[in-house]
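Chemist:
Below you can see the structure in the form of structure tokens.
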């Protein structure tokens, strides 16, 4: 299906060099509501391709052979390690870029169509053991009763370990996304601004013991719109500090909390499709996630 011609500037043609074309694609991706992390990854991969190709090479003169040579260079000629996961992502970026150009009628045929996708299964993630989980929560809880009480560490950590939400979802929580008065108990509404991500929206039950900490946090920080009005890095540092103070040898992160929550729910016997929906992932994504959870739970050999 062709792209909306109005979304493609008239000056973008097969004769356009790759870097200006990538800049136009960036505008398109942002207009489509893609996350800043996706856009950053796509641009990094395409800019790397641009540095490999001759500077005067137009997008209409890039062949499948050029793209395959680039991928071989990434693996063997660049001098910088390229993991299977990074290679797979870069192939995805290239395919998405040229598919966009082909659907817009800018290039024909699509030179990336016959580039083979190299899907990989990433290594098993690290999770907190039950003892480590409790140690981290106890450390965060200590902030609440300190000489200068601070409920933020516990409120954030307990939320992540209970809901399994991703970093971007956490940063997007607004005050009205948390309902403490529902008949079935407190709930978090995970919402998305862009239509293509609406399928990820969901309601997640919150633990009743989290409410007191959350109310303390609201009193102390009085956020106006979003619940956690800080940069992603600032909240990452907060988690890292909790982990260090708890004496963990693992790097406490949003991703580790998400996997720990998922594994806890798996061990508790949560129905698998319910767990999939709680994590906000598709049935296709669940194939790999479910397999990893089974391995983490010791129900299937890893590797």
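In my numbering, the protein residues as written are 1405 to 1707. Note that beta-carbon positions come from the ideal geometry of N, C-alpha and C, so glycine has one too.
If we count Cβ pairs, one from each stretch, closer than 8 Å, do we get three or more for the stretch 1617-1635 versus the stretch 1558-1569?
Modeler: Because the criterion of three Cβ pairs below 8 Å is met, the stretch 1617-1635 and the stretch 1558-1569 touch.
Chemist: According to the Cβ coordinates, are residue 1700 and residue 1667 closer than 8 Å?
Modeler: Start at 1 with the first residue of the chain shown, and residue 1700 comes out as number 296. Start at 1 with the first residue of the chain shown, and residue 1667 comes out as number 263. Taking 8 Å as the Cβ cut-off, residue 1700 and residue 1667 qualify as a contacting pair.
Chemist: Going by beta-carbon coordinates alone, are residue 1501 and residue 1423 separated by less than 8 Å?
Modeler: The count along the chain shown starts at 1 and reaches residue 1501 at position 97. The count along the chain shown starts at 1 and reaches residue 1423 at position 19. Against a cut-off of 8 Å, the Cβ pair of residue 1423 and residue 1501 comes out as no contact.
Chemist: Would you list the residues sitting across from residue 1607 in a DSSP beta bridge?
Modeler: For the purposes of this step, residue 1607 is taken as the residue at position 203 of the chain shown. Note: residue 1607 sits in a beta bridge opposite 1593.
Chemist: If you drop the 5 nearest sequence neighbours on each side, which residues of the same chain put their C-beta closer than 6 Å to that of residue 1627?
Modeler: Numbered from its first residue, the chain shown carries residue 1627 at position 223. For residue 1627, where only same-chain residues beyond five positions count, the Cβ hits under 6 Å are 1633.
Chemist: Enumerate in chain order the residues of its own chain whose CB-to-CB distance from residue 1548 is below 6 Å, with the five nearest sequence positions on each side excluded.
Modeler: Here residue 1548 is taken as the residue at index 144 of the chain shown, counted from 1. Only 1555 and 1558 meet the Cβ criterion.
Chemist: Thinking C-beta only, is residue 1643 closer than 8 Å to residue 1656?
Modeler: Taking the first residue of the chain shown as 1, we reach residue 1656 at position 252. Taking the first residue of the chain shown as 1, we reach residue 1643 at position 239. In this structure, residue 1643 lies closer than 8 Å to residue 1656 by Cβ.
Chemist: What residue does the alpha helix (DSSP H) around residue 1425 start on, and which one ends it?
Modeler: Within the chain shown, the letter at position 21 stands for residue 1425. Per DSSP, residue 1425 belongs to the alpha helix (DSSP H) from 1422-1435.
Chemist: Under three-state DSSP, which class holds residue 1583?
Modeler: Working through the chain shown from its first residue, we reach residue 1583 at position 179. Reduced to three states, the DSSP call for residue 1583 is strand.
Chemist: May I ask you to report which of helix, strand or coil DSSP gives residue 1578?
Modeler: One-based indexing of the chain shown puts residue 1578 at position 174. Reduced to three states, the DSSP call for residue 1578 is strand.
Chemist: With a threshold of 8 Å, are at least 3 pairs of Cβ atoms found where one atom belongs to the stretch 1679-1688 and the other to the stretch 1600-1609?
Modeler: Flag = yes, the stretch 1679-1688 and the stretch 1600-1609 touch.
Chemist: According to the neighbour-count rule (16 or more other Cβ atoms, all chains shown, within 10 Å of its Cβ), is residue 1635 buried or exposed?
Modeler: Here residue 1635 is taken as the residue at index 231 of the chain shown, counted from 1. Residue 1635 is exposed by the Cβ-count criterion.
Chemist: Does residue 1630 come out as helix, strand or coil in the three-state DSSP assignment?
Modeler: Residue numbering aside, residue 1630 sits at position 226 when the chain shown is read from its first letter. If DSSP states are grouped into helix, strand and coil, residue 1630 belongs with the strands.
Chemist: Do residue 1519 and residue 1468 have their CB atoms nearer than 8 Å?
Modeler: Within the chain shown, the letter at position 115 stands for residue 1519. Within the chain shown, the letter at position 64 stands for residue 1468. Yes. Within cutoff.
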